[in-house]
Amino acid sequence: MIVKPLREVIFIFLSIISKRQEVVAFLEELKAFLKGNDFDIDHDLILIKKKKLDDEEHSTPYTLLDLDYNSEDVVNRLKELTVAEYSETKIDKDDFNPPLLFVFGKDINRRLVYVKLKIKKKENLRTYILCVSFHYAKEKMKFPYA
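In structure tokens, the structure reads:
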């Protein structure tokens with residue numbers, strides 16, 4: 000568990016290491032969805048692009064601009080993710096449906112990119128990818144299955 004103070008509020012991020020087979024199953028579902036005929040990048044990928052005013056270099060907008068990436072490039076990188084690039088699983092305290100966010104570290108142009116995402120279903124049961132983070136890694140990452 001990591002506790003990080005931010006002004007006078009303390010945020011607690013629960014982190015676990017998923018079993019290898021759980022990571023394999025997640026990646027299989029992710030890749031099948033991204034490669035499927037039903038995948039619509041405009042509706043089925045939500046890429047959170049909020050700026051971090053105190054740490055712009057480790058924000059998604061900065062990283063996308065620096066890499067000259069758009070949503071298609073992000074999808075292509077998500078399709079390439081491997082078990083060896085898996086780092087950890089975070090418990091999403093703000094969204095319990097599903098509660099797990101899978102974290103990967105992807106080497107792009109000799110820089111480590113921190114990728115945090117989950118597969119969700121909308122009210123109409125349509126599947127989509129919620130990519131919460133796609134930015135240069137701020138801290139050293141561990142890879143339990145590398």
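Take the sequence shown: its letters are residues 0 to 145, numbered as in our numbering.
Cβ atoms here follow ideal geometry from the backbone N, Cα and C, with glycine treated the same way.
Alpha carbon to alpha carbon, how far is residue i from residue j?
i	j	result
residue 72	residue 134	13 angstroms
residue 64	residue 131	17 angstroms
residue 19	residue 143	9 angstroms
residue 122	residue 100	19 angstroms
residue 41	residue 95	24 angstroms
residue 35	residue 98	24 angstroms
residue 75	residue 145	21 angstroms
residue 45	residue 116	10 angstroms
residue 139	residue 107	15 angstroms
residue 6	residue 49	Note on residue 6: pLDDT 48, under 50, position unreliable in the model; no value is reported.
residue 38	residue 26	16 angstroms
residue 24	residue 105	19 angstroms
residue 141	residue 124	34 angstroms
Tell me where the beta strand (DSSP E) around residue i begins and ends.
i	result
residue 87	85-90
residue 120	110-120
residue 101	99-107
Could you please give the first and the last residue of the uninterrupted alpha helix (DSSP H) stretch that includes residue i?
i	result
residue 42	40-43
residue 124	Neither: residue 124 is in no alpha helix (DSSP H) and is coded neither H nor E.
residue 31	19-34
residue 58	Element bounds for residue 58: n/a, residue is neither H nor E.
residue 93	Note, residue 93: premise wrong, no alpha helix (DSSP H); not H, not E.
residue 72	70-79
Excluding sequence positions up to five away, which residues of its chain have a Cβ less than 6 angstroms from the Cβ of residue i?
i	result
residue 14	87 and 89
residue 22	82 and 85
Less than 8 angstroms between C-beta atoms, sequence neighbours within five positions excluded: which residues of the same chain meet that for residue i?
i	result
residue 47	59, 129, 130, 131 and 132
residue 16	87, 88 and 143
residue 126	32, 43, 118, 119 and 120
Pull up the CB-CB distance for residue i and residue j, whole angstroms please, since I reckon it's below 8 angstroms.
i	j	result
residue 103	residue 66	Incorrect: roughly 16 angstroms between the Cβ atoms, too far for contact.
Closer than 7 angstroms by C-beta to residue i: which residues in its own chain qualify, once you throw out the five before and the five after it? Chain order, please.
i	result
residue 30	78
residue 70	40, 44 and 46
residue 56	135
Compare the beta carbon distance of residue i and residue j with 8 angstroms and say whether it is the shorter of the two.
i	j	result
residue 137	residue 53	no
residue 62	residue 112	yes
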